[in-house]
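Right, one structure below, let's go through it.
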Amino acid sequence: MSGKIYIVGIGPGSSEYLTKKALDTVKMSDYTVGSTRAIDLFDDIQNKIAFNVKDLLDKLEEGVKLAADGNTVSILSTGDPGFSGVLNTVLRLSDENNFSKQNIEVIPGISSLQLAAARCHIQWDNANVMTFHGRENIEDILPVINNGKVTIALPSRKVRDMAQFLLENGVEADRRVTVCERLSYPDEKIVTTTLNEIASSEFTYMCIIVIYP
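If you're matching positions, the sequence shown starts at 0 in numbering that gives the first Met the number 0 and goes up one per residue.
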């Protein structure tokens with residue numbers, strides 16, 4: 000008999016942004032699959048299955064198979080599962096392992112994009128929202144960068160690389176940009192400056208870039 004999979008959004012990183020639904024779901028699960036950083040946000044975990052980038056697919060498939068064997072499995076996804084999260088990957092693995100989507104529930108979370116919009120006072124339903132995680136087609140940002148809206152993006156590479164790419168493709172050097180780094184963590188940093196300045200600065204990989212019209 001099939002069990003249940005919960006794909007749980009864990010927010011941008013700080014435990015302050017975990018929802019009660021996320022906490023309750025993980026607490027009642029037989030197994031919890033997630034990165035070490037994600038798992039460490041929870042106190043009550045029965046069986047931890049931690050992954051890193053290299054074994055991500057193997058661990059996710061292990062979680063799906065455990066659910067197929069009748070267990071309740073929580074799969075943790077940074078931010079919201081439906082935005083640069085693991086939702087599509089888990090759905091694909093479920094199809095491959097004949098696990099019914101009817102036994103999968105998505106628990107939404109607060110994305111770093113939402114938090115960046117809040118920090119920058121942006122009404123983000125009128126913004127260009129883009130993610131380049133796991134994608135190399137960074138040129139997709141070019142057709143929208145000058146449409147008069149704020150662009151909020153998750154870079155695929157370093158923020159500096161994206162800034163340099165934009166400069167090389169004709170975006171003006173004095174374009175105003177905000178970089179939100181390590182949102183929700185104690186060392187959170189928000190920098191507003193020019194695109195040219197960002198192109199020569201160093202940031203961690205945990206960043207959101209906001210490009211103003």
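Where is the CB? At the ideal position from N, CA and C, for every residue including glycine.
Can you name the start and end residues of the beta strand (DSSP E) that residue i belongs to?
i: Arg175; result: 175-180
i: Val7; result: 3-8
i: Val190; result: 188-193
i: Ile208; result: 206-210
Hey, how far is the Cα of residue i from the Cα of residue j?
i: Ser83; j: Thr130; result: 7 Å
i: Thr192; j: Ile210; result: 10 Å
i: Lys3; j: Asp54; result: 22 Å
i: Phe41; j: Leu92; result: 25 Å
i: Ala117; j: Glu104; result: 27 Å
i: Arg156; j: Asn125; result: 25 Å
i: Leu166; j: Val143; result: 15 Å
i: Ile189; j: Gly69; result: 45 Å
i: Glu138; j: Pro185; result: 33 Å
i: Lys58; j: Ala37; result: 14 Å
i: Asp173; j: Pro212; result: 11 Å
Could you check if residue i is buried or exposed, using at least 16 other CB atoms within 10 Å of its CB as the buried criterion?
i: Gln113; result: buried
i: Tyr204; result: exposed
i: Arg181; result: buried
i: Tyr30; result: buried
i: Pro161; result: Correcting the residue type first, residue 161 is Met in the shown sequence and not Pro. By the neighbour-count rule (16 or more Cβ atoms within 10 Å), Met161 is buried.
i: Pro154; result: buried
i: Gly78; result: buried
i: Ser73; result: buried
Starting from residue i, trace the alpha helix (DSSP H) in both directions and tell me its first and last residue.
i: Ile121; result: Careful: Ile121 lies outside any alpha helix (DSSP H) and carries neither H nor E.
i: Gly62; result: 55-67
i: Ile38; result: 35-38
Quick check on DSSP: helix, strand or coil for residue i?
i: Asn127; result: strand
i: Tyr30; result: strand
i: Thr18; result: coil
i: Leu75; result: strand
i: Ala49; result: strand
i: Val25; result: helix
i: Glu201; result: coil
i: Asp42; result: coil
i: Leu141; result: coil
Item to check | Every unbroken beta strand (DSSP E) inside the segment 79-112 [3 residues or more] | outcome: 103-106
Item to check | Length at least 3, wholly inside the segment 149-178: the beta strand (DSSP E) runs in chain order | outcome: 150-153
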